[in-house]
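K.L.:
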Amino acid sequence: MEKRKSNLSYEHSFFSFITATLNGISQVILIENPLTGVLILLAITISDYFLGMISLVSAIIGTLIGTIGGADKKIVNQGLFGYNSVLTGIALTEYLNGPYQWIIALIASAIAALFTAALMHIMRKTEIPILTFPYFVLTWFILLASYRLETFHLSADLEPQSLANWTLNIAGKGNWIEGSFKGIGQIFFLDNTLSGVLLFIAIFFAGWKFGLYAIIGNITALLVSYQLEGEHGLIFMGLYGYNAILAILAVSIVFNTERTKFSFITGIIAACLTVPIMAGLSTLLLPYGLPALTMPFVLSTWLLLGAKKVLPKI
Amino acid sequence: MEKRKSNLSYEHSFFSFITATLNGISQVILIENPLTGVLILLAITISDYFLGMISLVSAIIGTLIGTIGGADKKIVNQGLFGYNSVLTGIALTEYLNGPYQWIIALIASAIAALFTAALMHIMRKTEIPILTFPYFVLTWFILLASYRLETFHLSADLEPQSLANWTLNIAGKGNWIEGSFKGIGQIFFLDNTLSGVLLFIAIFFAGWKFGLYAIIGNITALLVSYQLEGEHGLIFMGLYGYNAILAILAVSIVFNTERTKFSFITGIIAACLTVPIMAGLSTLLLPYGLPALTMPFVLSTWLLLGAKKVLPKI
Amino acid sequence: MEKRKSNLSYEHSFFSFITATLNGISQVILIENPLTGVLILLAITISDYFLGMISLVSAIIGTLIGTIGGADKKIVNQGLFGYNSVLTGIALTEYLNGPYQWIIALIASAIAALFTAALMHIMRKTEIPILTFPYFVLTWFILLASYRLETFHLSADLEPQSLANWTLNIAGKGNWIEGSFKGIGQIFFLDNTLSGVLLFIAIFFAGWKFGLYAIIGNITALLVSYQLEGEHGLIFMGLYGYNAILAILAVSIVFNTERTKFSFITGIIAACLTVPIMAGLSTLLLPYGLPALTMPFVLSTWLLLGAKKVLPKI
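Residue numbers (the working numbering), protein chains in the order written: chain A, 13 to 326; chain B, 13 to 326; chain C, 13 to 326.
1) If you follow the alpha helix (DSSP H) that F193/C is in, where does it begin and where does it stop?
2) Could you tell me whether the Cβ of T163/C comes closer than 8 Å to any Cβ of chain B?
3) Does I142/A come within less than 8 Å of chain C when only Cβ atoms are used?
4) Alpha carbon to alpha carbon, what distance is there between G82/C and M13/C?
5) Using the Cα positions of G197/C and S59/A, report the straight-line distance between them to the nearest angstrom.
6) At the 8 Å Cβ level, is F127/C part of the contact set with chain B, yes or no?
7) Out of I182/A, S237/A, G191/A and A218/A, state which residue places its alpha-carbon closest to the alpha-carbon of G208/A.
8) Are the C-beta of K273/B and some C-beta of chain C separated by less than 8 Å?
9) Roughly how many whole angstroms lie between the Cα atoms of T286/A and A259/A?
10) Using the Cβ count rule (16 or more neighbours within 10 Å means buried), how would you classify I43/A?
11) Comparing alpha-carbon positions, which option in N109/A, H165/A and N96/A lies nearest F148/A?
12) Can you tell me the Cα-Cα spacing of L317/B and T75/C, whole angstroms?
13) Please classify T335/C: is it buried, with 16 or more other beta-carbons within 10 angstroms of its beta-carbon, or exposed?
14) Taking a Cβ distance cut-off of 9 Å, strictly less, list which residues of the region 216 to 247 of chain A are near chain B, in chain order.
15) Determine the DSSP secondary structure at N204/B, reduced to helix, strand or coil.
16) Just the C-alpha distance for M307/B and I213/C, rounded to the nearest angstrom, thanks.
17) Going by C-alpha distance, which of W114/A, K320/A and F309/A is nearest Y252/A?
18) Where does N45/B sit, in a helix, a strand or coil, going by DSSP?
19) What does the Cβ neighbour count give for K320/C, buried or exposed, with the cut at 16 atoms within 10 Å?
20) Terminal residues of the continuous alpha helix (DSSP H) containing L180/A?
21) Step through the CB atoms of chain B and report whether any lies within less than 8 Å of the CB of G36/C.
22) Nearest-angstrom Cα distance between A282/C and K221/B?
23) Can you tell me which of the three DSSP states N109/B falls into?
24) Where do the N-terminal and C-terminal ends of the alpha helix (DSSP H) with S237/C fall, by residue?
25) Going by alpha carbons, who is nearest to Y159/A out of S312/C, L297/C and K325/C?
26) Have a look at K273/A, L315/A and L54/A and flag the residue whose alpha-carbon is nearest the alpha-carbon of K325/A.
27) Where L323/C and A103/C are concerned, what is the direct C-alpha to C-alpha distance, given to the nearest angstrom?
28) Kindly indicate which residue of S264/B, A168/B and L143/B has the alpha-carbon position closest to the one of L155/B.
29) Could you name the residues of chain B that A71/C contacts, counting a contact when the two beta carbons are closer than 8 Å?
30) Quick check for students: name the residue ranges of the alpha helix (DSSP H) that lie wholly in the region 113 to 178 of chain B, counting only runs of 4 or more.
31) Skipping 5 residues on each side, what residues in its chain have a beta carbon closer than 7 Å to that of L34/C?
32) Quick one: does V149/B have its CB under 8 Å from some CB of chain C?
33) Who are the neighbours of K137/B on chain A, taking C-beta pairs under 9 Å?
34) What residues in the region 79 to 101 of chain C bring their beta carbon closer than 7 Å to a beta carbon of chain B?
35) With a threshold of 8 Å between beta-carbons, can K321/B be considered close to chain C, or not?
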């Protein structure tokens, strides 16, 4: 009897571990839904088999650290130890190459989980979510470290440039429809339209409201960045869109605990703000050749969520 | 009867809104006094009519966001939602040009009010005031964004330079008396001596102690920066003085809740510290061509106010 | 009788001041032991007489500010107002030259104590120690200020470089045994092997566990940085080791309040992490020609100590 019970309990905890892992993947887009996690994994895998593997293993590593480390089970099960690991694993697979690329990506995904825990502790009193801060700071550090450690091979497209020599050339053509689907894909570094469509399905699966707001956020960012005359190449690759999608989901839905009549507008403002923040941050990172990743989303969301604590009517 | 009462209440809230707006302007120099606000507005307007308009409208926007957002009325009435908006509006009018300059400045002044609210929340537990942090961070971001968004036109005098090519040349002549008046003007980007005189009157109007300390702070910074051999051109334009004025007012008067025998000296230390911080920050911002704005004041004041919490006798 | 009592009390407070000062020196390596402080002072003095003097006077200044400022006596006696002052005094003596070098170093050591107090206040709620954050931020600011203030003379070996022109060349030979002793010396900017030996004795004097962990931390960093192919010249000068020593002492011993079975491993992880952080930070600071100082230790330690609050089993 004892043994059977233990087996059941083992099965139970195995099942809940899998759910937590898949939630970790879906939490990248602020959703807690294992099936959304499966669809995201599929979207990544059809675009790049290896990247799909890394995503899954990173999510497992992050969740494992939360479990072994003895974190609050509820938080682990929500996937909150997974998403920064997933993103770090994916980003480093994209930006590094060489034989040790995947080992570095997986070790970094473990560190991302520790960083997540540390930041949860530091920000607890502010009642503001940590979002993907650990992911982009950690990824930047590893990319910067590549200039000093020969084992880390940086992929060629990250090129430090002096701001003094920079000239803006916004010309370029693009397809508005394709651009709309590419925004969501950029969160996972996918610029394949089919993966974009699958990701939208994954979002709609979690609730039509998520899907609708994601589309609105993306279109808002496309229009704002086009209106402010950002580089067309970047706009139609979805590089001005992915932060806006995350920001509107965070502000209008996920962390919108006390619904007010302005909550839709607040989300739109958050989406709009990601555009100048993206532009400013790209300038700031230019001398280091670093990508902005999801920092515009995090800054914009923190701004609005923080403001709501002092301005309860917005 | 009902209608009349409502009219009275409307008049009352209109009047208190105007007071809050003018307080917002005077809070730029840490003073809560609507008439000081009027005098500051006058000082700006005689130097540049358009800049005066922008200042007033920015103050209105900031105060409006505090009011509509449902912030604590006491804080709104003190003008605490206005001053970061005023400064942001002025700075962007100075550093941007092109047809959309004023629209960008006013939208940014609205965002400054949201940023103010967010930072109030985040820093609440530290019991340290947010000062003008939202202003300079937001202004920097917008200026940086101009390199990537063609609609934002940067004025020509902000030029990114490599630190590797930098050579210091401190030579230059200046008038000590004029330099003394220009410090206060630089807070509002005015280098007109008459405006400087008017601003000193505005400060004295709020209390002789404010005026006296402002003069002491400014002279301290002039002497320290001259002694440490800063660039004479910057010193006599008042660019080493404006942060010192704000720092001594903040540390010795405004946030000096528990008066100690050292409170004068602590303020002097804060004023002195703004000089090396200004110098260091200018170096840090050189590759981006950004102005230091009021960050030296904020860092120096935070340092001293924070230290006073642990060292109660200073 | 009264007079004698007062004399005794005077003697007592003089004695406790000396102890606090020496503790301030030993706290640089996270140890609270006046005799360790004396040994460290000796290690510095045999390498450079003047640097020994500056260390002692800086420790006195820091402790004096804690005492006069009315800080909690327990904290002052632990030497917690001294160590940032000591490090700031030493670093500025190393990196500045010219006739005012020592005056600037000592004034900065006083500011370091104020900064220590401010940061203690700001970070109190997080229950995470401030470590040497005030030291490296303050030192960076003073070094940056030297580009703008002619009185501050920067020593020649700090050279700003564009990352775009950077090429990594790891070649170089070194002695593993010497490299092992140089790590500990680098905390105090000593690359003399005898001083390194004396510093190890100072650490062992405070407890064999401190000494053993210091050696393990240093060897871990040597191996990791060699394995990741860092520049051999830097590795054998101990520049990848000193942060690892501090990190393992902090994580595995000093701030390891709730001992868990993982506490040794957590310290090893902290030591390993200082290597990529050192590499990344060096890249980040390259355009400014700044040294990384002890920031890798601080970031790595904060990461692990913060994570332990949410992951109690690690």
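Beta carbons: idealized from backbone N, C-alpha and C, even for Gly. This one's a predicted model, so the numbers in the text were calculated from it and none came from an experiment.
P.N.:
The short version:
1) For F193/C, the enclosing alpha helix (DSSP H) starts and ends at W188 to Q198.
2) yes
3) no
4) Low per-residue confidence applies at M13/C: pLDDT is 45, beneath 50, and the placement is therefore not dependable, though the value from the model is reported in the following sentence. About 28 Å.
5) 51 Å
6) yes
7) Closest by C-alpha distance to G208/A, out of I182/A, S237/A, G191/A and A218/A, is G191/A.
8) no
9) 8 Å
10) With 16 or more other Cβ atoms within 10 Å, it is buried.
11) N96/A
12) 19 Å
13) One cannot answer for residue 335/C here, as it falls past the ends of chain C, which runs 13 to 326.
14) S237, Q239, L240, E241, G242, E243 and L246
15) coil
16) 44 Å
17) For the residues W114/A, K320/A and F309/A, the minimum Cα distance to Y252/A belongs to F309/A.
18) It is coil, neither helix nor strand.
19) buried
20) Careful: L180/A lies outside any alpha helix (DSSP H) and carries neither H nor E.
21) no
22) 52 Å
23) N109/B carries a strand assignment under DSSP once its states are collapsed to helix, strand and coil.
24) W220 to Q239
25) Here the closest residue by C-alpha is L297/C.
26) K273/A
27) 36 Å
28) A168/B
29) Those do not exist, as A71/C stays about 17 Å from chain B at its closest Cβ, beyond 8 Å.
30) With a minimum length of 4 residues, the continuous alpha helix (DSSP H) runs that stay inside the region 113 to 178 of chain B are 113 to 135 and 145 to 157.
31) P46, G49 and V50
32) No, because no Cβ of chain C sits closer than 8 Å to the Cβ of V149/B.
33) Those within 9 Å of K137/B in chain A are K137 and T138.
34) I80, G81, G82 and A83
35) Under the 8 Å criterion on CB atoms, K321/B is classed as interfacial with respect to chain C.
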